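Asker: Before I ask anything, here is the structure I am working with.
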Amino acid sequence: MRLRVARVAVPVMGGWLAFVAASGGCRSAEAVPAGSVAAAQAVAAEGGAAPTPAAADEPAEVPLVPLMGKAVLEARAHAQRSALGEGMPLFEDERGQPVPWIAPQVAIADEPAFDGDLLDSLQGSSGLGGTAADEGPRPNGNILGLFEPIEAGETAPLRHFHQALRALEHGDDRKVRVMLVGASHTEADIYPQYIRSYLQERFGDGGHGFVLPAAPWRGYGHVDVSVDGLQHWRTEHAQRRDARDDGRYGLLGASISSRSDRAYGRVIQHAGVLGSRYELWFVAQPRGGSVDVIADGRTIATVRTAARHVGPGYHAFELPESEHTIEVRVRGDGEVRLTGLVIERDDPGVVVDTLGIRGTRAANALAWDRALWSDNVRHRAPDLFVLAFGTNEATDVTQDIATYEANLREVVQRYRAAAPQASCVLVGPGDFPQASGGTLIPRPRLSQIIEVQSRVSTELGCGFWDMQAFMGGELSMVQWVRAAPAMAQPDYIHLSRRGYVRMGMALVDALMGELDGDDPLHGRTPPR
């Protein structure tokens, strides 16, 4: 059983100011006073030192995140603009000054819900069916979200990732690659876009990363890369009942196969998204067909996917660095099964791969062709992989929790084996209440899943980030849905764009705390 340690966190100049009761006992943290900004400035003036320790018999209050430096603040503002979109007010500016949060920001209009296709139609993805938020005063959405550090057990799970970032800072000519793996929270590419923009602003832009070369389903795409070409492809992944059981789905866990000679796909890089080094990924197979690769309207290669044996296929090509439009068109001489397109730059920097499939579960990875998938992972050579699952699994009430734990452990071990050098973090599910007798109550299986994820992370040398705790604990989703501006969708499972950006901010702060020397607990939290 994890011992809950009460925290208080508020947005102040330079990020979050958080206090935790750091003794063996469990004591509620004092509310941060109204003069928090001044208090935070005083902490910064002392070099970020913690307040004077309390008496031996009193729990010490430790500031987990002191003020942030200029580079950090600029990266936070840049990433907010990138993920929120033009014209949307930021949570804070380059000085770390938050938007006024004493009263709700009535000037910020509630954004429309995501495309219905993004709110998964599979079991566990439709939440509470669009239940309307309760009437009454709406809380200020701009102050929701608590700082939640990475749980690290007795290891330093982020050491390799941090060393790789430091090497970039010191001039190494290399890429630092991050794989974000999950379900619809991840597929939406909003919190991944915040992470991508933040890291690239601080450490260099290595390119956009992984994307499918044609749309596998309606609504697929990334914040700054559009993907067209839905028709004439057969989409397969482990959650689909009509998929082949060969597991040849590639890095994402989803493949697209040509159904006719009219199958085509198009990837459009938005303004400022530069690329020069590309790779088309496919399944090499007997009787495989050919596919033309077209860059900015000009055919530059014909890729033949036929091979004596089934295995991973990669076709690399280079272009002058720019914002390109890449198309693929099959020749009709056999099945073409594509698994990805990678966009990178010549320059050193960070690359973030968004690997999300709506409605899926971590255990789906156990159905993938391990040899093909492992080769894909090794080919990407990630420095950090993040596994963000648990919400859909929270609806699997007929599965005993021991089976869930065994499956999760095996999935993490497979990632560990495929990328032994990489740092590893598990992200727990957000709050997801259930309806009972006309009211909302905590979902019992959710707390079990969080306990399991925390335990497995510790056992296998990974970090754990508790998304539910970041949101405020059990039933916090109600506040996120009712907030103004809205921070979550009325299905009580998916966040709004603004909510996902806040999630990205908190997750990045947790990932970077030890690197930046901001966490006096050195990345470790008391057991909870």
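So the sequence shown is residues 93 to 620, counted in our numbering. In this text, a Cβ means the ideal position worked out from N, Cα and C, and glycines have one as well. Small disclaimer: the values here were computed from a predicted structure and weren't measured.
Beta-carbon separation of Y621 and A330 under 8 angstroms?
Answerer: Lying outside 93 to 620, the shown extent of the chain, residue 621 is not represented and no answer is given.
Asker: Should E293 be labelled buried (16 or more other beta-carbon atoms within 10 Å of its own) or exposed?
Answerer: Locating residue 293 in the sequence shown gives position 201, where the first residue counts as 1. Looking at its Cβ environment, which holds 16 or more other Cβ atoms inside 10 Å, E293 is buried.
Asker: Taking the alpha-carbon positions, what's the R173 to Q377 distance?
Answerer: Start at 1 with the first residue of the sequence shown, and residue 173 comes out as number 81. Start at 1 with the first residue of the sequence shown, and residue 377 comes out as number 285. Roughly 43 angstroms between the two C-alpha positions.
Asker: Alpha carbons only, please: which of E485, P474, V519, S539 is nearest the one belonging to A509?
Answerer: If you number the sequence shown from 1, residue 509 lands on position 417. Considering only alpha carbons, the answer is P474.
Asker: Does the segment 388-406 touch the segment 437-450, meaning 3 or more C-beta pairs lie closer than 8 angstroms?
Answerer: The segment 437-450 vs the segment 388-406: no contact.
Asker: Apart from the five residues on each side of it in sequence, which residues of its chain come closer than 6 angstroms, Cβ to Cβ, to R369?
Answerer: Looking up residue 369 in the sequence shown gives position 277. If we look at R369 and ignore the five residues flanking it on each side, its Cβ neighbours are E410, E436.
Asker: For the segment 411-499, which segments carrying the beta strand (DSSP E) assignment without a break, of at least 3 residues, lie completely within its bounds, in sequence order?
Answerer: 417-422, 429-436, 441-448, 476-480
Asker: Tell me the DSSP secondary structure of W572 in three-state form.
Answerer: Working through the sequence shown from its first residue, we reach residue 572 at position 480. DSSP places W572 in helix when its eight states are reduced to three.
Asker: Hey, out of N234, P190, G188, whose CA is closest to L572's CA?
Answerer: Residue 572 sits at position 480 when you count from the first residue of the sequence shown. The question names Leu, but residue 572 is Trp in the sequence shown. Of N234, P190, G188, the residue nearest in Cα terms is N234.
Asker: So is G179 buried or exposed if we call it buried at 16+ other beta carbons inside 10 Å?
Answerer: Looking up residue 179 in the sequence shown gives position 87. So G179 counts as exposed.
Asker: Identify whether R251 lies in helix, strand or coil by the three-state DSSP scheme.
Answerer: Translated into the one-based positions of the sequence shown, residue 251 becomes position 159. R251 falls in the helix class under three-state DSSP.
Asker: Is D601 helix, strand or coil when you go by DSSP?
Answerer: Taking the sequence shown and counting its residues from 1, the one referred to as residue 601 is at position 509. Looking at D601 - three-state DSSP - the assignment turns out to be helix.
Asker: Determine the burial state of D264: buried for a count of at least 16 other Cβ atoms within 10 Å of its Cβ, exposed for fewer.
Answerer: Mapped onto the sequence shown, residue 264 falls at position 172. Classification for D264: exposed.
Asker: Which partner residues of W309 appear in the DSSP bridge assignment?
Answerer: The count along the sequence shown starts at 1 and reaches residue 309 at position 217. Answer by DSSP bridge pairing: none, since W309 is not bridged.
Asker: How would you label V489, buried or exposed, when you count the other beta carbons within 10 angstroms and need 16 or more for buried?
Answerer: Here residue 489 corresponds to residue number 397 of the sequence shown, with the count starting at 1. Result: exposed.
Asker: Since I believe P404 is in contact with D467 (beta carbons under 8 angstroms), could you give me their beta-carbon distance rounded to a whole number of angstroms?
Answerer: Position 375 of the sequence shown holds residue 467. Position 312 of the sequence shown holds residue 404. Correct: roughly 5 angstroms between the Cβ atoms.
Asker: The beta strand (DSSP E) spanning T391 covers which residue range?
Answerer: In the sequence shown, counting from the first residue as 1, residue 391 sits at position 299. Element bounds for T391: 390-396.
Asker: With a 10 Å radius around its C-beta and 16 neighbouring C-beta atoms as the bar for buried, classify T550 as buried or exposed.
Answerer: As a first step, residue 550 must be located in the sequence shown, where it is residue number 458. Flag for T550 reads buried.
Asker: Applying the criterion that 16 or more other CB atoms from any shown protein chain within 10 Å of the CB defines a buried residue, is S347 buried or exposed?
Answerer: Stepping through the sequence shown from its first residue, residue 347 is reached at position 255. When all chains shown are included, S347 counts as buried.
Asker: Whose C-beta lies closer than 8 angstroms to the C-beta of D353 among residues of the same chain, with five residues either side of it excluded?
Answerer: Start at 1 with the first residue of the sequence shown, and residue 353 comes out as number 261. Same-chain partners within the cutoff: V422, R423, G424.
Asker: Any idea if P512 is buried or exposed, counting beta-carbon neighbours within 10 angstroms, 16 or more meaning buried?
Answerer: Position 420 of the sequence shown, counting from 1, holds the residue named residue 512. By the 10 Å Cβ count, P512 comes out exposed.
Asker: CB-CB under 7 angstroms to A205, same chain, minus the five flanking residues each way: which ones, in chain order?
Answerer: Here residue 205 corresponds to residue number 113 of the sequence shown, with the count starting at 1. Below a pLDDT of 50, predicted positions are generally treated as unreliable, and A205, at 45, falls in that range; no measurement from the model is reported.
Asker: Hey, could you find the ends of the beta strand (DSSP E) M271 is sitting in?
Answerer: As a first step, residue 271 must be located in the sequence shown, where it is residue number 179. Taken as a continuous stretch (DSSP letters only), the beta strand (DSSP E) holding M271 covers 267-274.
Asker: Determine which residues share a DSSP beta bridge with T327 and list them.
Answerer: Here residue 327 refers to the residue found at position 235 when the sequence shown is read from its first residue. In DSSP, T327 forms a bridge with I348.
Asker: Which whole-angstrom value describes the C-beta separation of L304 and L464, a residue pair presumed to lie in contact below a C-beta threshold of 8 angstroms?
Answerer: If you number the sequence shown from 1, residue 304 lands on position 212. If you number the sequence shown from 1, residue 464 lands on position 372. In fact, because the Cβ distance is near 16 angstroms, the residues do not count as touching under 8 angstroms.
Asker: In angstroms with no decimal places, state the Cα-to-Cα distance between G555 and G482.
Answerer: The count along the sequence shown starts at 1 and reaches residue 555 at position 463. The count along the sequence shown starts at 1 and reaches residue 482 at position 390. Near 16 angstroms, if we compare the C-alpha coordinates of G482 and G555.
Asker: When the Cβ atoms of the segment 447-459 are set against those of the segment 235-255, are three or more pairs found closer than 8 angstroms?
Answerer: Contact between the segment 447-459 and the segment 235-255 is absent: fewer than three C-beta pairs spanning the two stretches fall below 8 angstroms.
Asker: Exposed or buried, D583, counting other C-beta atoms within 10 Å across all chains shown (16 or more means buried)?
Answerer: Start at 1 with the first residue of the sequence shown, and residue 583 comes out as number 491. In the assembly as shown, D583 is a buried residue. Its beta-carbon has 16 or more other beta-carbons within 10 Å.
Asker: Output the distance between the C-alpha atoms of D334 and S350, rounded to the nearest integer angstrom.
Answerer: By 1-based counting over the sequence shown, the position of residue 334 is 242. By 1-based counting over the sequence shown, the position of residue 350 is 258. Each residue's alpha carbon lies about 15 angstroms from the other.
Asker: Determine contact between the segment 484-500 and the segment 536-546, defined as no fewer than three beta-carbon pairs at a distance below 8 angstroms.
Answerer: yes
Asker: List the endpoints of the continuous alpha helix (DSSP H) containing Q581.
Answerer: What you label residue 581 is simply residue 489 of the sequence shown in a count that begins at 1. Here Q581 belongs to no alpha helix (DSSP H), and DSSP marks it neither H nor E.
Asker: What separation, rounded to the nearest whole angstrom, lies between the Cα atoms of L518 and G364?
Answerer: Working through the sequence shown from its first residue, we reach residue 518 at position 426. Working through the sequence shown from its first residue, we reach residue 364 at position 272. Between the alpha carbons of L518 and G364 lies a distance of about 31 angstroms.
Asker: Do you know how far the Cα of C516 is from the Cα of A163?
Answerer: For this step, residue 163 is matched to residue 71 along the sequence shown. For this step, residue 516 is matched to residue 424 along the sequence shown. Approximately 25 angstroms between the Cα atoms of the pair.
Asker: Would the beta-carbon of V270 fall within 8 angstroms of that of V442?
Answerer: Within the sequence shown, the letter at position 178 stands for residue 270. Within the sequence shown, the letter at position 350 stands for residue 442. Yes, the Cβ-Cβ distance between V270 and V442 is below 8 angstroms.
Asker: Applying the 10 Å Cβ sphere with the 16-neighbour rule, what's the burial state of I282?
Answerer: Within the sequence shown, residue 282 is the residue found at index 190, counting from 1. Under this definition I282 is a buried residue.
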